[in-house]
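Engineer:
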Amino acid sequence: MKKIFSLLVLIITINSFSQQLHQLVNPMIGTGGHGHTYPGATLPFGMVQLSPDTRIDGSWDGCSGYHYDDSTIYGFSHTHLNGTGCSDFGDIMLMPTMGKPTLDNKVYSSKFSHKNEKATAGFYSVKLDNHNIDVRLTASTRVGFHEYTFNNAGQANIILDLNHRDLLLGGEVHVINSKTIEVRRESEAWAKNQIVFARIEFSVPMNVTDIRSNGDYMHSPENEYIGGTQTAISFSKKVKKGEKILVKVSLSPTSYDGAKLNSSEIMDWNFERVKKEAEKLWENQLSKIQITEVDKNKETIFYTALYHTMVQPNIAQDIDGKYRGRDNQIHKAEGFDYYSVFSLWDTFRAAHPLYTLIEKKRTADFINTFLKQYEQGGRLPVWELASNETDCMIGYHSVSVMADAMAKGITGFDYEKAFEAAKHSAMLDHLGLEAYKRQGFISMDDEHESVSKTLEYAYDDWCIAQMAEILNKKEDYNYFMKRSQNWKNVFDWNTPFMHPKKNGGWDKPFDPKEINNNFTEGNSWQYSFFVPQDIDGMIAAYGGDEKFEAKLDEMFNSESKTTGREQADVTGLIGQYAHGNEPSHHMAYLYNYVDKPEKTTEKVHYILDNFYKNAPDGLIGNEDCGQMSAWYVLSAMGIYAVTPGLPNWSLSSPYFSDIKVNFEDKTTKEIFQKMPVRTMENFGINSNYIDIAVGFSYNEIIPVPVIQADGKSFKDKMKITLQHPYAYAEIYHSFDNIKFEKYIEPIEISNSTEIYSYCIEGARKSDCIKGQFFKKPNNYTIAIQSKYNPQYHAGGPEGLLDGINGTENWRKGDWQGYQSQDFEAVIDLQKEQMVHSFSANCLQDSRSWILFPTTVEYYVSNDNVNFTLVGSVKNEISPKYEVNKIQNFEYNSATEIKAKYIKVKAYNFGKLPEWHQGFGGDAFIFIDEITIK
């Protein structure tokens with residue numbers, strides 16, 4: 030019996046090791062649903078992502094170029110994004126066909142079936158049904174390798190179409206000879222100016238058989254060249270049944286010479302060798318974490334998650350170190366590797382902490398890349414893509430990555446330079462930072478997404494303070510620790526929630542479930558626990574451990590439904606917890622801080638069990654450049670970075686029985702399911718921080734007072750009250766910001782007024798805030814016949830007559846929005862008057878579906894029943910005009926007209942046209958101030 034048992038153990042052991050890790054990867058996970066991943070061939074952190082494109086319309090679920098629901102392939106391009114919420118890439122697209130060549134993508138595209146499709150780490154294959162062509166793809170770091178098998182005899186074609194997926198700003202194709210082509214592609218999408226060079230080599234001579242070009246064209250015995258913004262070319266050859274044509278495509282961000290140099294990564298035409306080398310590289314990479322698990326689906330989910338964390342950021346330099354910098358100039362990396370694609374709002378939370386564990390060298394390279402971008406582009410990256418700053422999302426979270434690396438003792442970059450760059454980002458005056466620095470928070474009046482920006486800036490400032498402490502910079506430490514407490518200025522102690530502020534007071538009405546422009550891709554529930562830098566302070570603000578635990582319970586047990594704007598990112602709801610988007614990712618771990626680790630483990634394991642599957646729709650939300658998968662990898666290990674910038678992990682019970690981590694220094698550490706969790710707190714972390722940190726202390730701030738009033742405008746008189754959460758705080762106010770007096774009782778105003786206020790408690794003084802109140806220029810009233818979107822109410826009907834004009838930043842809440850309907854309202858002048866001028870301000874932001882009305886009409890009446898058309902104003906600005914613009918639709922009558930009632934009608938643009946990314950959707954009218962003279 031003992032012999033049989035030993036033999037069984039030996040068989041199980043042999044089987045477990047014979048299954049190579051790269052074979053466990055299923056790149057199809059995330060290609061369905063809202064995962065936005067791609068299935069094609071790539072290497073760890075490689076420049077090339079060679080993958081099929083089934084969507085070319087820029088649609089949200091087609092951001093990666095591929096969606097599992099599709100059945101048509103348009104071609105195989107060499108760059109793709111992994112799980113983003115914006116569409117880009119798809120560069121250098123090739124498509125094999127048979128018969129007479131065509132450059133029309135509706136014709137050269139092909140049907141395919143998933144039963145004839147295979148995707149593994151470093152390899153992809155598919156059969157193109159229209160022409161019976163088998164396609165196999167693999168890659169090196171900078172070269173994509175195609176193998177086309179033509180199963181029918183006849184004319185084989187390979188289409189190169191540069192007008193693919195995004196806007197082609199300029200294309201060049203140089204036919205060097207019958208087997209070699211050089212390509213330059215400059216395009217615009219999410220990245221406004223992306224430049225890619227490529228060298229294409231055929232295994233056999235090919236003839237040019239068709240050309241599309243609206244630019245330069247030249248033909249000579251030595252070189253055939255086409256260029257322009259419409260650029261495509263077909264190459265053809267007669268083939269026998271079963272004949273293969275192989276193609277190698279090397280990329281470079283710098284030049285034709287760079288692409289030629291990079292082509293040396295694959296010197297021969299041995300497809301199988303290159304495929305095996307790709308698999309070997311993935312095997313080495315994935316073996317950095319080895320798990321023991323009998324459930325094959327769980328193994329696949331884990332190793333695919335680990336794989337998805339390793340397909341970006343992407344190497345963005347040639348073999349010789351040359352790269353295109355943020356200044357669009359060519360530079361050479363010295364002593365580090367230069368990378369691109371930094372989705373930092375997502376990845377600072379789990380992906381980069383994971384990299385500090387298993388990619389310490391790359392972490393230093395990433396930071397050196399940040400510092401070069403700071404030097405060459407003027408500031409640290411926010412969301413960098415192909416040497417372009419997209420300014421997508423919020424915060425300056427590159428400082429989190431740098432602070433985390435410093436806290437964990439990772440070297441290989443200049444700490445002083447990193448601090449300089451971090452401080453520079455924090456001291457800018459854009460994106461609400463000017464108000465944040467001046468008053469300690471961002472108001473709706475200052476900037477959209479004001480609550481989220483306040484909270485995330487405060488965390489980033491704490492990160493800078495940690496860097497200052499490591500570098501013994503006491504003054505900087507104190508300054509940024511003060512700023513790191515600004516979360517207290519948007520915490521409403523009455524509700525209690527993180528609450529948007531407007532004009533110095535809490536915005537009303539308030540619904541914590543509402544997704545609106547005061548939060549970034551979320552609502553107050555999903556942001557009210559984002560104080561990772563001061564968790565003890567946050568718990569105290571909620572009233573202590575029990576109340577904080579109850580608040581967490583309430584969030585997880587609430588109705589899984591949001592209100593307000595439809596937000597496709599907010600998925601994977603457990604109550605108001607939304608695992609499909611990043612702001613929620615740390616929340617399950619907060620139970621640890623009130624000594625309820627069993628609740629953390631219960632919630633974490635529920636998410637691991639239910640929100641990750643071995644299926645195309647196996648991700649509950651966007652992959653977001655590895656963040657969704659990094660959460661899985663760390664949580665399955667039983668560790669998570671609730672506060673990147675601290676050299677420890679927050680813990681849960683490990684998901685697998687045994688986890689082995691092989692570090693870059695050739696050491697190995699293990700996590701066992703039943704090991705004491707406290708022994709895991711510093712797992713894999715260098716303890717140098719303890720020796721480096723000075724141990725500074727700081728003073729706690731006192732929150733700013735709150736200015737409460739019925740509105741921003743009033744007719745006759747209005748009372749204003751000043752409030753503060755601290756019972757012993759003294760509130761002071763002023764009307765000129767010079768002479769302040771102690772606040773005793775509500776203040777009554779009868780004229781337009783500015784009020785300044787701060788509070789004092791002991792030796793502590795808060796920042797000073799301001800409220801502006803406007804007396805209305807008239808006593809007109811308005812009856813709106815249309816129904817505005819609750820998201821865009823501008824304070825209600827009277828907001829259209831209050832004398833306060835909205836700005837181009839409509840997200841601040843000063844505009845009324847009407848979707849799929851015309852706008853109609855009647856203004857009561859209260860008495861018959863002579864009028865001659867009629868105007869209404871409207872706004873256009875085409876990308877956000879907000880378009881100018883086609884026409885605005887003005888009518889007059891004395892009885893509010895019979896109206897006479899006075900005049901109309903037609904819009905003459907194209908809906909394709911993309912810059913936010915305000916237009917005053919003003920009509921001036923040649924003669925004065927007696928009237929008591931004025932009717933205003935604005936006609937909606939209607940359905941969005943085919944060229945618009947929201948084709949078929951309903952346009953908005955945005956209207957603010959109506960003026961009658």
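Going by the working numbering, the first residue of the sequence shown is number 30, and it counts up by one from there. Ideal Cβ positions, reconstructed from N, Cα and C, are used throughout, including at glycine.
#1: Report the CB separation of residue 279 from residue 362 in whole angstroms; it is logged as a contact under 8 Å.
#2: Here's the rule: buried if 16 or more other CB atoms are within 10 angstroms of the residue's CB, otherwise exposed. What is residue 530?
#3: Could you say which of 659, 433, 576 lies nearest to residue 674 if we only look at CA atoms?
#4: Alpha carbon to alpha carbon, what distance is there between residue 811 and residue 826?
#5: Give every residue of the same chain whose Cβ lies closer than 6 Å to the Cβ of residue 789, excluding the five residues on either side of it in the sequence, and list them in chain order.
#6: Helix, strand or coil, according to DSSP, for residue 340 in the structure here?
#7: Compute the Euclidean distance between the alpha carbons of residue 375 and residue 621, then round it to the nearest angstrom.
#8: Using a Cβ distance threshold of 8 Å, determine whether the stretch 928-942 contacts the stretch 850-867, with at least three qualifying pairs required.
#9: Identify the continuous beta strand (DSSP E) that holds residue 566 and give its terminal residues.
#10: Consult DSSP for residue 492 and reduce its assignment to one of helix, strand or coil.
#11: Hey, residue 59 and residue 648 are a contact pair by Cβ (cut 8 Å); roughly how many whole angstroms apart?
#12: For residue 535, name the three-state secondary structure that DSSP assigns.
#13: Looking only at its chain, what residues have a beta carbon closer than 8 Å to the beta carbon of residue 534, apart from the 5 residues adjacent to it on each side?
#14: Can you look up residue 460 in the DSSP assignment and give me helix, strand or coil?
#15: For residue 380, which residues from the same chain have a beta carbon less than 6 Å from its beta carbon, with the 5 sequence-adjacent residues on both sides left out?
#16: Give the secondary structure of residue 346 by DSSP, where H, G and I count as helix, E and B as strand, and everything else as coil.
#17: With DSSP as the reference, label residue 314 as helix, strand or coil.
#18: Nearest to residue 746 by alpha carbon, out of 222, 538, 787, 805?
#19: Looking at residue 387: is its Cβ nearer than 8 Å to the Cβ of residue 170?
#20: For residue 310, tell me which candidate among 513, 71, 85, 905 has the shortest Cα-Cα distance.
#21: Roughly how far, in whole angstroms, is the beta-carbon of residue 959 from the beta-carbon of residue 829, given that I think they are within contact range, below 8 Å?
#22: Which same chain residues end up closer than 7 Å to residue 132 when comparing Cβ atoms and leaving out the 5 residues on each side of it in sequence?
#23: Residue ranges of each beta strand (DSSP E) run of no fewer than 3 residues wholly in the stretch 86-131, ordered along the chain?
#24: Buried or exposed: where does residue 524 fall if 16 or more other Cβ atoms within 10 Å of its Cβ makes it buried?
#25: Label residue 870 either buried or exposed according to how many other C-beta atoms from any shown protein chain fall within 10 Å of its C-beta, with 16 as the threshold for buried.
#26: Just verifying my parser: in three-state terms, what is the DSSP assignment at residue 719?
#27: For residue 94, count the other beta carbons within 10 Å of its own beta carbon; 16 or more makes it buried, fewer makes it exposed. Which is it?
#28: In the structure shown, what three-state DSSP assignment does residue 661 receive?
#29: Just verifying my parser: in three-state terms, what is the DSSP assignment at residue 728?
#30: Is the beta carbon of residue 399 less than 8 Å from the beta carbon of residue 450?
#31: Can you list, in chain order, the residues of its chain whose CB lies under 7 Å from that of residue 721, leaving out five sequence neighbours each side?
#32: DSSP state of residue 133, grouped into three classes?
#33: Taking all protein chains shown into account, decide if residue 882 is buried (16 or more other Cβ within 10 angstroms of its Cβ) or exposed.
#34: Quick one: grab the DSSP three-state call for residue 414.
#35: Which residues share a DSSP beta bridge with residue 229?
#36: Considering Cα atoms alone, identify which of 360, 554, 509 is closest to residue 480.
Structural biologist: Looking at the coordinates:
#1: On the sequence shown, position 250 is the one that residue 279 refers to. On the sequence shown, position 333 is the one that residue 362 refers to. Not confirmed; about 19 Å, so no contact.
#2: As a working note, residue 530 is residue 501 in the sequence shown. The residue is buried, with at least 16 neighbouring Cβ atoms inside 10 Å.
#3: Within the sequence shown, numbered from 1, the residue matching residue 674 stands at position 645. The option with the nearest alpha carbon to residue 674 is 433.
#4: For this step, residue 826 is matched to residue 797 along the sequence shown. For this step, residue 811 is matched to residue 782 along the sequence shown. Straight-line Cα distance between these residues: approximately 7 Å.
#5: The residue given as residue 789 occupies position 760 in the sequence shown. The residues are 759.
#6: One-based indexing of the sequence shown puts residue 340 at position 311. Reduced to three states, the DSSP call for residue 340 is coil.
#7: Against the sequence shown, residue 375 aligns to sequence position 346. Against the sequence shown, residue 621 aligns to sequence position 592. Taking the straight line joining both Cα atoms gives about 23 Å.
#8: yes
#9: Within the sequence shown, the letter at position 537 stands for residue 566. That residue, residue 566, is in no beta strand (DSSP E); its alpha helix (DSSP H) goes 564-570.
#10: For the purposes of this step, residue 492 is taken as residue 463 along the sequence shown, with counting starting at 1. In this structure, residue 492 counts as helix in the three-state DSSP scheme.
#11: As a working mapping, residue 59 is identified with position 30 in the sequence shown. As a working mapping, residue 648 is identified with position 619 in the sequence shown. Between residue 648 and residue 59 the Cβ distance is about 4 Å, and since that is below 8 Å, they are a contact.
#12: Within the sequence shown, numbered from 1, the residue matching residue 535 stands at position 506. Strand at residue 535.
#13: The count along the sequence shown starts at 1 and reaches residue 534 at position 505. Excluding sequence neighbours, residue 534 sits near 735, 736, 737, 738, 800.
#14: For the purposes of this step, residue 460 is taken as residue 431 along the sequence shown, with counting starting at 1. Of the three classes helix, strand and coil, the one that applies to residue 460 here is coil, per DSSP.
#15: Taking the first residue of the sequence shown as position 1, residue 380 is located at position 351. Around residue 380: 338, 655, 656, 659.
#16: As a working mapping, residue 346 is identified with position 317 in the sequence shown. Residue 346 falls in the strand class under three-state DSSP.
#17: Against the sequence shown, residue 314 aligns to sequence position 285. Three-state DSSP puts residue 314 in a helix.
#18: Position 717 of the sequence shown holds residue 746. Ranking 222, 538, 787, 805 by Cα distance to residue 746 puts 805 first.
#19: Stepping through the sequence shown from its first residue, residue 387 is reached at position 358. Stepping through the sequence shown from its first residue, residue 170 is reached at position 141. Contact: no.
#20: Your numbering for residue 310 matches position 281 in the sequence shown. Of the candidates 513, 71, 85, 905, the one whose C-alpha sits nearest the C-alpha of residue 310 is 71.
#21: Translated into the one-based positions of the sequence shown, residue 959 becomes position 930. Translated into the one-based positions of the sequence shown, residue 829 becomes position 800. Confirmed, about 5 Å.
#22: Mapped onto the sequence shown, residue 132 falls at position 103. Counting only Cβ-Cβ distances below 7 Å, and skipping sequence neighbours, we find 188, 190, 239, 241, 261, 263.
#23: 104-106, 122-127
#24: Counting from 1 along the sequence shown, the entry for residue 524 is found at position 495. When all chains shown are included, residue 524 counts as exposed.
#25: Numbered from 1 along the sequence shown, position 841 holds the residue referred to as residue 870. Result: buried.
#26: Counted from its first residue, the sequence shown places residue 719 at position 690. Bear in mind that a pLDDT of 46 at residue 719, under 50, signals an unreliable position, so the number given afterwards is only what the model happens to contain. Three-state DSSP puts residue 719 in a helix.
#27: Within the sequence shown, the letter at position 65 stands for residue 94. The residue is buried, with at least 16 neighbouring Cβ atoms inside 10 Å.
#28: Along the sequence shown, one-based indexing puts residue 661 at 632. Here residue 661 sits in helix by DSSP.
#29: Mapped onto the sequence shown, residue 728 falls at position 699. The DSSP-derived three-state label of residue 728 is coil.
#30: Looking up residue 399 in the sequence shown gives position 370. Looking up residue 450 in the sequence shown gives position 421. In contact: residue 399 and residue 450 (Cβ atoms closer than 8 Å).
#31: Position 692 of the sequence shown, counted from the first residue, corresponds to residue 721. Residue confidence is low: residue 721 scores 49 on pLDDT, short of 50, so the model does not pin down where it sits. No coordinate-derived value is stated.
#32: Working through the sequence shown from its first residue, we reach residue 133 at position 104. Residue state, collapsed to three classes: coil.
#33: The residue labelled residue 882 in the question sits at position 853 within the sequence shown. Buried, by the Cβ-count rule.
#34: Here residue 414 is taken as the residue at index 385 of the sequence shown, counted from 1. In this structure, residue 414 counts as strand in the three-state DSSP scheme.
#35: Here the question's residue 229 lines up with position 200 in the sequence shown. Note: residue 229 is bridge-paired with 210, 278 in the DSSP secondary-structure output.
#36: Numbered from 1 along the sequence shown, position 451 holds the residue referred to as residue 480. Nearest C-alpha to residue 480: 554.
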